[in-house]
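Just so we're aligned, residue 346 is where the sequence shown starts under the numbering used here, counting upward by one.
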Amino acid sequence: MRILLATDAWEPQVNGVVRTLTRVVQELRAMGHDVDVVSPEQFPTFPLPTYPEIKLAIGAYEPVQERFKLFEPEAIHIATEGPIGLAARRICLEWKLPFTTSYHTKFPEYVSARLPLPLAAGYTYMRWFHKPSGRLMVATPTMRDELAKHGFRNLSPWSRGVDTDIFKPRAPGDPDPFEGLARPIFLNVGRVAVEKNIEAFASLDLPGTKVVIGDGPQREELAEKYPEVKFLGAKFGDELGRYFGAADVFCFPSLTDTFGLVILEAMAAGVPVAAFSAPGPVDIIPGSNAGVLAPGQTDGLKEACLACLDLDRVVVRKFAEKFSWRACAEEFFRNLQPYPEPEKTRFWRRLRRLARLRKKAAA
């Protein structure tokens, strides 16, 4: 099948959304599908205010329209709600093409954490954006129920996967990337930004050493405020996997993630996860024997971190092995809303004919 993916989140951005989309595209291509990705690096861009690492496309509508015409997709998925997503959405509505969307980030909470805008305004926009979607894919049952309460419809599950070759337990004799730091090592990995609630981790009174891996707009502020916390910057690939595997506990304080891919990456490394009772952790951790939940969303995280020290790392790893990227891609594919035969053939043939007529008229 020819699948067009429109996304404002793509490499070189480093986050769970990008890792999910890139891996799913790899798996879809390995399954024999033809995937065309429309992403920001193909356009002039400007930095997102308050978050310059994220680039937003300028003038996306007409170029995206041309991509539709050239590729003639049989299924369309719009992954994000930015300029590229808006352009693809507009084209689908104008041409009456079915499409699906996905909910990767708690956008209203993200905006409210950075700007003086009410949550209601964010949810109004998100409902408007996703309403025409044939299926809105969500990562967890908790996120599905939360969005349903906010008036979202056509919700379908789309879970996540983890690379168990990169993220794996540290083998005996392997170098320790935390050598010289007091044990136990309590680790956090991700964007160092206000919506990730990293200060809740940095402020904990824990034995050993707290380590944060990642970059973002709040890094300098938190490093100055919490000098005892080691901020090591962004790490990638096998190097990042080694840091995961050498940690003792992974702490995930975020309240705004829809899943939290780093939770699975830590577990794949055999590292138990402590987290607040928020969407994502509440869908993954209970009953797993691979982590401990704090009782609420404001306290109990320290106790959860300490309790993780008693968990069996072999059991933690086995739990993560249940998640694969192939299963994630297959679920994504099942959720797609392809243009039905023979309508799609007639539609693209008619569009090509109209394009030829316009060229003749112009000549």
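Where a beta carbon is used, it is the ideal one built from N, C-alpha and C, also for glycine.
| Asked | Found |
| --- | --- |
| Within the segment 351-429, ranges of the alpha helix (DSSP H) (whole runs, at least 4 residues) | 361-375 and 406-416 |
| Unbroken alpha helix (DSSP H) run spanning I629, endpoints | P626 to I629 |
| Which listed residue (P552, R662 and L567) has its alpha carbon closest to that of A652 | P552 |
| Residues of its chain near A672, where Cβ-Cβ distance is below 8 Å and the 5 sequence neighbours each way are ignored | S504 and G506 |
| M471 beta carbon less than 8 Å from that of P443 | no |
| Cβ-Cβ distance between V539 and R459 below 8 Å | yes |
| V483 classed as buried or exposed, judged by whether at least 16 other C-beta atoms fall within 10 angstroms | buried |
| Proximity to T450 [Cα-Cα], best of W440, G427 and K704 | G427 |
| Unbroken alpha helix (DSSP H) run spanning A611, endpoints | L606 to A613 |
| Rounded Cβ spacing between L606 and T365 (contact assumed at less than 8 Å) | 6 Å |
| Euclidean distance between Cα positions of T390 and A420 | 26 Å |
| Exposure label - L702; buried when at least 16 CB within 10 Å | exposed |
| Stretch pair the segment 375-384 + the segment 611-622: three plus CB contacts closer than 8 Å | no |
| When C437, L532, Y406 and E648 are compared against P418, the one with the closest alpha-carbon | C437 |
| DSSP state of N542 mapped onto helix, strand, coil | coil |
| Assumed close pair V661, A635 - CB separation to whole angstroms, cut-off 8 Å | 4 Å |
| Where V507 falls: helix, strand or coil (DSSP) | coil |
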